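Shown next, in structure tokens, is the structure this report addresses.
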Amino acid sequence: MKRVAQLLALVAAVLLVPTGSFGQGASHKIDHAVAAKLQSSPTAPQRVIITTLPASRAAIKQSLNARGNTVLGENARFSTLTTNVAGGDISMYAGNATVTGIHADAKILSHTVPGGGGSGSAVSALRDTLGLSSTTFTGAGIGIAVIDSGVKSINDFAGRLYFYDFLNGAPGNLITAADDYGHGTHVAGLLGGSGATSNGQYKGVAPGARVVALRVLDANGQGYTSDVINAINFAITNKTALGIDIINLSLGHPIFEPAASDPLVQAVEAASRAGIIVVAAAGNVGVNSTTGEVGYAGVTSPGNARSAITVGAVNTNGTARRSDDVVPNYSSRGPTWYDGFLKPDIVAPGHKLVSDVSRNATLYKNNSTLRVGTDYMTLSGTSMSTGVVSGTVALMLQANRAATGYPLRPSLTPNAVKAILQFTAIRMHDASGAELDSLTQGAGALNAAGAIELAKSIDTSAAPGAPWLMSGVTPSTTIAGENILWGENILWGENILWGESIYTHQIAWGMNVLWGENIMWGENILWGENVLWGENILWGENIVWGEDLIGITDGLNILWGENILWGELRASNIVWGELTANNSVWVTSTAWLTTVF
Ligand SMILES: [Ca+2]
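Here the working numbering = 1-based position in the sequence shown + 774.
Spelled out as structure tokens, the structure:
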């Protein structure tokens, strides 16, 4: 089978790479990127994020300074220190019992790929394909933090734009809105542009939402992980003051360590715990830039955060109807390295979308063929898909709050929003009619109309375990003349759930994050006979994940402790368990850079 061949190709590529000496002890604390550089250049200084026990951060900072290691910044909430540390000191700090991890302060890149010129799908077609042609919801009253390259102050955001700067360690100061790269403005236009500049032709998904731009990427679309963490920290701190309900992260870096220790992932999890709905791009690493083969396990950080709504891309082929939609090759497939999480959670239109840009921005200046007039341009990528989902979430929150009398009743939690998005999603098929696997499409393609319909039917104050629909819903949506059934699948971590659990106020829906498997699976209370842990999970005819799928992390060695059985090769037990998540082949910095502007 083609898919198996692709998987084997990926496995073979991984096997060719020396895995280094990731043994026991202190080296467990060093992420893959730092370890790899330490191996190739033992004495070279490295820009890292050191995580410490909270009580010891000051002492570690003092020690770094005393040894001449420049401390560039620190964060109290996450107990991190950003520093240029001498290569020769890294092992010493890893051996310090109060240091919990040493992580690359990795370069962050936006998830946009060359979209090609020619005719893009006008945003009006985007709204049509999402079923939003006649919706009255605008996202009014909802705030979306766009952590990106900034957002240009233009008419399409008039009266709704707030701007804070975190670039290169900036402290979150309020400055004049700007976007030297152009990416953040494009994403913001998709999620919340009014289309005023184009007489409504290129209107975003939630044209009434507030846009809180937190700048972390420079004029070349690059930035540091530590700045993104600081921006997330700011959003949590100012959630109420600035009315931040959603965080949009159309950016990321390769996964270098398990989610549980990745500081960027942990920042996302903290935001989710605070009740903010975090939407993150899956990444554009779905295709090997050298071989051209589509492959799995390309999801980037923080798309590997369990609580995040991780978004892959859909190419709508420029039409509103769904039956001709495809997942483009570049869209990162799951699972996630180290943990084996089932991602993306959902896919959404992101290919050749027209949206706002500043004519002074790098993307606009360097890509004349992608310009649409003087104030818009066409871009593609999971970045764009993420913006589309964030805008949809704003509409869902507004619709639900209007129906329930918020704040008398609580707002939808991050878990509930993800479950609604997944339940209402539309399963996608290939040209032969075969359903795409869930590592490619997640629960399916975004169905904004369906998600709004379900969201506004839910009584968030219903007692746990009780039905919570205030009115009946029909699990189908008509788009461009096609009546499409909702997928009714909900994916959580390594598991896939189905049935009508969404119609009842499950305990999980009332929470912001899932605490491991215990709450979800421990007492069999959530899914009745559909408890899947320990059972075989059958995905269509394509994949069987047996009871052995338990993520086992052994330092920097993996991961998939056990067997993944694919299609007709079920009996052959393709084992990933012995492989190290050395994604330097799959996601080398060179390959990475060639896939973005
Ligand atoms: Ca289409």
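Glycine included, every Cβ here is placed at the ideal spot set by N, Cα and C.
It should be emphasised that the depicted structure is a prediction, and the values quoted were computed from it without experimental measurement.
Contact under 8 Å by Cβ, residue i with residue j
| i | j | result |
| --- | --- | --- |
| residue 1396 | residue 959 | Limits of the chain in this structure are 775 at one end and 1371 at the other, which puts residue 1396 out of reach. |
| residue 1009 | residue 1003 | no |
| residue 1118 | residue 1167 | no |
| residue 1255 | residue 1096 | no |
| residue 1124 | residue 1088 | yes |
| residue 1217 | residue 1263 | yes |
| residue 1021 | residue 916 | no |
| residue 986 | residue 918 | yes |
| residue 1120 | residue 1146 | no |
| residue 978 | residue 967 | yes |
| residue 812 | residue 861 | yes |
| residue 1075 | residue 1039 | yes |
| residue 1193 | residue 1230 | no |
| residue 1235 | residue 1188 | no |
| residue 830 | residue 857 | no |
| residue 1172 | residue 914 | yes |
| residue 970 | residue 929 | yes |
| residue 934 | residue 984 | yes |
| residue 868 | residue 800 | yes |
| residue 1060 | residue 1068 | yes |
| residue 1213 | residue 1203 | no |
| residue 1220 | residue 1247 | no |
| residue 1044 | residue 1024 | no |
| residue 1111 | residue 1197 | no |
| residue 724 | residue 885 | Past the edges of the chain, shown from 775 to 1371, lies residue 724, and the structure says nothing about it. |
| residue 1104 | residue 887 | yes |
| residue 1106 | residue 964 | no |
Local Cβ density within 10 Å of residue i, reported as buried at 16 or more and exposed below that
| i | result |
| --- | --- |
| residue 1244 | exposed |
| residue 1161 | buried |
| residue 945 | exposed |
| residue 836 | exposed |
| residue 755 | A query on residue 755 cannot be resolved here, the shown segment of the chain reaching from 775 to 1371 and no further. |
| residue 1434 | Only positions 775 to 1371 of the chain appear in the structure, and residue 1434 is not among them; the question remains open. |
| residue 943 | exposed |
| residue 1149 | buried |
| residue 1174 | buried |
| residue 910 | exposed |
| residue 1141 | buried |
| residue 1338 | Only weak support is given to the placement of residue 1338: the predicted model assigns it a pLDDT of 29, under 50, and the value that follows is read from those uncertain coordinates. Its Cβ being crowded by 16 or more others within 10 Å, residue 1338 is buried. |
| residue 1241 | exposed |
| residue 1028 | buried |
| residue 1165 | buried |
| residue 949 | exposed |
| residue 908 | exposed |
| residue 947 | exposed |
| residue 1081 | buried |
| residue 1051 | buried |
| residue 843 | buried |
| residue 901 | buried |
| residue 997 | buried |
| residue 880 | buried |
| residue 1098 | exposed |
Whole-number beta carbon distance between residue j and residue i, since they are thought to touch under 8 Å
| i | j | result |
| --- | --- | --- |
| residue 951 | residue 925 | 6 Å |
| residue 1151 | residue 1131 | 5 Å |
| residue 1137 | residue 955 | 6 Å |
| residue 1079 | residue 1005 | Not confirmed; about 15 Å, so no contact. |
| residue 864 | residue 804 | 7 Å |
| residue 1135 | residue 852 | Residue 1135 to residue 852, Cβ: 31 Å. No contact. |
| residue 923 | residue 953 | 5 Å |
| residue 1170 | residue 1226 | 6 Å |
| residue 1093 | residue 982 | At roughly 27 Å, the Cβ-Cβ gap does not stay under 8 Å, so residue 1093 and residue 982 are not in contact. |
Residue i - partner residues in DSSP beta bridges
| i | result |
| --- | --- |
| residue 1241 | 1278 |
| residue 1252 | 1257 |
| residue 877 | 823 |
| residue 939 | 947, 989 |
| residue 884 | 1025 |
| residue 857 | 822, 845 |
| residue 919 | 986, 1021 |
| residue 1052 | 1021 |
| residue 804 | 876 |
Segments of 3+ residues assigned as beta strand (DSSP E) that fall wholly inside the region 966-1018: 984-989, 996-998
What are the uninterrupted segments assigned as alpha helix (DSSP H) that are 4 or more residues long and contained completely in the region 1185-1237, given in chain order? 1188-1198, 1212-1215, 1222-1229
Going along the chain, which unbroken runs of the alpha helix (DSSP H) with 4 or more residues stay wholly within the region 1057-1125? none
Ignoring anything shorter than 4 residues, give me the alpha helix (DSSP H) runs that lie fully in the region 1139-1194, in order along the chain. 1156-1178
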